[in-house]
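Encoded as structure tokens, the structure appears first; notes follow it.
Residue numbers (our numbering), protein chains in the order written: chain S, 2 to 223; chain P, 30 to 323.
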């Protein structure tokens, strides 16, 4: 089984979704994350190992390469798609409790901002690291974040903004979360955001790249 | 020959305008409000922005239509007014520019990603076609496809504008400096790759906009010039990297600081210079004065 976990990790790292996917060109015609995951589970592989040694390992590799500017957004999106496709086969095991999530992460792009690429990247990388992700979408008001934290007690919140003109809306959301959902850990990110800004608005963590957020979340539950 | 290429023929460096989005905000655009809706709701304010840039010495003024494609307008429930919003944007800038000055119609990205199947090539083409036709109808001289990060989306937008209007076509992409010191768009495109792919579409002018400020633009222009020594290059630079100050984001570069980089930008091969986020009529005034004194 060890070999198939490595193959799954490889497919996720290089964005090989399934057999018919033409991407990446050098893996044309080969089985992808979809087929391999199904095969592994049908043949008695442990779903926990499929997740951790296959999907999580592959996502971690692409996350690190993205942080080091060795790959760019398109490659990460393809990896995330491969991971997501494979994750569908693991769903029953999550539902039965055979595989446990590390925690719940609530994410959204803040009010006034419609951009979702950065938010989606973080969302997919966090999910690919074994967390349950509640994606609230774009243009999300404070109230919606607060309601989601009430529905999912103990969850961590991530705020995204692409625009310099909308990052300022993070401050109000952080304030309202502090008063109405005290104790909630808040991560922020997005092109114009800096650690200095995070400190000023009182959020808990900033990372310039998705992998940094994943590593912070995993440290929280380690 | 189109109006811009004709003016560039003499070897003159042209001045373009500065920011629209941050200017609208200074005029009271609220978070969550559609900037392009102001063409219909507050046309006098939109007209004023174009006028202020012309007064500051801009030869070229953009239109308030950056997010005016139907895929983006849909979010505000304004997609059924796509033509009206873009045509009005062009008419307002034309009114400020008169016959002499040049109006370029702004076309920004849709925010949808092709490679994940979120949108098809056909849907993108139709959206850009519709917007370009409306801008042309409103009287723009050229279409500027800008702030692009995905080369396929840029190519489709350029083709849609070129195949459906008689306008000159400009395309600028947004590059960031990577850890390895090279410049790439968010999707990984280098300036050389941009030139290589977009030149095949037969566009007229190429370049870069937004990004981390005017200093890095010199490097980008040099890289474009290594790939093509002749194609006219347009640069719209931000007033530096935004910083957060007392509840507001502020762009730190002063008009003087930005203007100081203009000579090296021209030397590297830029033909048209203006501003992007955070630049004001004062920035354009200084840039225009610097260019006059070159």
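We put the beta carbon where it would ideally sit given N, CA and C, even for glycine.
My guess is that residue 126 of chain S and residue 212 of chain S are in contact by the Cβ rule of under 8 Å, so how many angstroms apart are they, rounded?
Between the beta-carbon of residue 126 of chain S and that of residue 212 of chain S there is about 7 Å, and that keeps the pair under the 8 Å contact cut.
Continuous beta strand (DSSP E) stretch holding residue 136 of chain S: start and end
Run containing residue 136 of chain S: 133-136, per the beta strand (DSSP E) assignment.
Residue-chain proximity (residue 326 of chain P, chain S), Cβ-Cβ < 8 Å
As displayed, chain P neither begins before 30 nor continues past 323, which places residue 326 of chain P out of reach and without an answer.
Tell me whether residue 240 of chain P is buried or exposed, calling it buried when 16 or more other Cβ atoms sit within 10 Å of its Cβ.
That one is buried.
Whether residue 150 of chain S touches residue 158 of chain S by CB criterion (8 Å):
Contact flag set, yes.
Please look up how many angstroms separate the CB atoms of residue 232 of chain P and residue 187 of chain P, rounded, as I've assumed it's under 8 Å.
About 5 Å; that satisfies the 8 Å criterion.
Which partner residues of residue 197 of chain P appear in the DSSP bridge assignment?
Bridge partners of residue 197 of chain P according to DSSP: P:171.
With 16 other CB atoms within 10 Å as the buried threshold, where does residue 155 of chain S fall?
Label assigned to residue 155 of chain S: exposed.
Span of the beta strand (DSSP E) holding residue 273 of chain P?
Start and end: 272-274.
Taking residue 117 of chain S and residue 139 of chain S to be in contact with their CB atoms under 8 Å, please state how far apart those CB atoms are, rounded to whole angstroms.
Beta-carbon to beta-carbon, residue 117 of chain S and residue 139 of chain S are separated by about 5 Å, close enough to satisfy the 8 Å threshold.
The stretch 213-247 of chain P: which residues have C-beta closer than 9 Å to a C-beta of chain S, in chain order?
Here the close residues are 213, 214, 215, 216, 217, 218.
Residues that residue 280 of chain P bridges to, as DSSP identifies them:
Beta-bridge pairing links residue 280 of chain P to no other residue.
Measuring straight from C-alpha to C-alpha, what distance separates residue 68 of chain P and residue 184 of chain P?
Rounded to the nearest whole angstrom, the C-alpha separation of residue 68 of chain P and residue 184 of chain P is 27 Å.
Taking CB distances under 8 Å as the criterion, tell me whether residue 57 of chain P reaches chain S.
Taking Cβ atoms only, chain S never reaches closer than 8 Å to residue 57 of chain P, which makes this a no.
Mind pulling the chain S residues with CB within less than 7 Å of residue 104 of chain P?
Within 7 Å Cβ-Cβ: 115.
What does residue 140 of chain S reach in chain P if we use C-beta pairs closer than 9 Å?
Neighbours of residue 140 of chain S on chain P, chain order: 61, 104.
Measuring alpha carbon to alpha carbon, tell me which residue in S:187, S:46, S:2 is nearest residue 143 of chain S.
With distances taken between Cα atoms, residue 143 of chain S lies closest to S:187.
For residue 166 of chain P, tell me which candidate among P:182, P:134, P:245, P:146 has the shortest Cα-Cα distance.
Taking residue 166 of chain P as reference, the option from P:182, P:134, P:245, P:146 with the minimal CA-CA separation is P:134.
What residue from S:130, S:183, S:124, S:167 has the CA that sits closest to residue 137 of chain S's CA?
For the residues S:130, S:183, S:124, S:167, the minimum Cα distance to residue 137 of chain S belongs to S:124.
List the whole-angstrom C-beta distance separating residue 22 of chain S from residue 33 of chain S, where the pair is believed to meet the contact cut-off of C-beta under 8 Å.
With 8 Å as the limit, residue 22 of chain S and residue 33 of chain S qualify as a contact, their Cβ atoms being about 6 Å apart.
Cβ of residue 166 of chain S within 8 Å of Cβ of residue 50 of chain P?
It is a contact, given that the beta carbons lie within the stated cut-off.
Which residue from P:32, P:88, P:52, P:74 puts its Cα closest to that of residue 24 of chain P?
In the structure as shown, chain P starts at 30 and stops at 323, and residue 24 of chain P therefore has no counterpart that could be examined.
Would you kindly work out how many angstroms separate the C-alpha atoms of residue 214 of chain S and residue 314 of chain P, rounded to a whole number?
Here the C-alpha atom of residue 214 of chain S lies approximately 43 Å from the C-alpha atom of residue 314 of chain P.
Could you compute how far the alpha carbon of residue 146 of chain S sits from the alpha carbon of residue 60 of chain P?
Roughly 18 Å separates the two Cα atoms.
If you check the beta carbons only, do residue 307 of chain P and residue 280 of chain P fall under 8 Å apart?
Cβ atoms of residue 307 of chain P and residue 280 of chain P: closer than 8 Å.
DSSP beta-bridge partners of residue 111 of chain S
S:141.
With a cut-off of 8 Å, does the C-beta of residue 118 of chain S fall near any C-beta of chain P?
Chain P, which has a Cβ nearer than 8 Å to the Cβ of residue 118 of chain S, makes this yes.
When the Cα atoms are used, what is the spatial distance from residue 199 of chain P to residue 82 of chain P?
Straight-line Cα distance between these residues: approximately 20 Å.
Taking the alpha carbon of residue 99 of chain P as the point to measure from, which residue in P:91, P:90, P:112, P:93 has its own alpha carbon closest?
For the residues P:91, P:90, P:112, P:93, the minimum Cα distance to residue 99 of chain P belongs to P:112.
Within 10 Å of its beta-carbon, does residue 220 of chain S have 16 or more other beta-carbons around it, so buried, or fewer, so exposed?
Residue 220 of chain S should be labelled exposed.
Cβ shell of residue 288 of chain P (< 6 Å), same chain only, five flanking positions each side left out
Answer for residue 288 of chain P: 315, 316, 319, listed in chain order.
Let's see if you can read the secondary structure: which residues bound the alpha helix (DSSP H) around residue 41 of chain S?
Counting along the chain, the alpha helix (DSSP H) containing residue 41 of chain S begins and ends at 34-43.
Cβ-based burial, residue 222 of chain S [other Cβ within 10 Å; buried from 16]
Residue 222 of chain S comes out exposed.
Tell me which residues share the same chain as residue 185 of chain S and place their Cβ nearer than 6 Å to its Cβ, disregarding the 5 neighbours each side in the sequence.
Within its own chain, the residues whose Cβ lies closer than 6 Å to the Cβ of residue 185 of chain S, once the five positions on either side in sequence are excluded, are 150, 158, 178, listed in chain order.
Restricting to runs no shorter than 4 residues, where is the alpha helix (DSSP H) found entirely within the stretch 75-154 of chain P?
Unbroken alpha helix (DSSP H) stretches of 4 residues or longer found wholly inside the stretch 75-154 of chain P: 99-102, 111-126, given in chain order.
Look up residue 213 of chain P in the DSSP assignment and say whether it is helix, strand or coil.
In this structure, DSSP gives residue 213 of chain P an extended state, which the three-state scheme calls strand.
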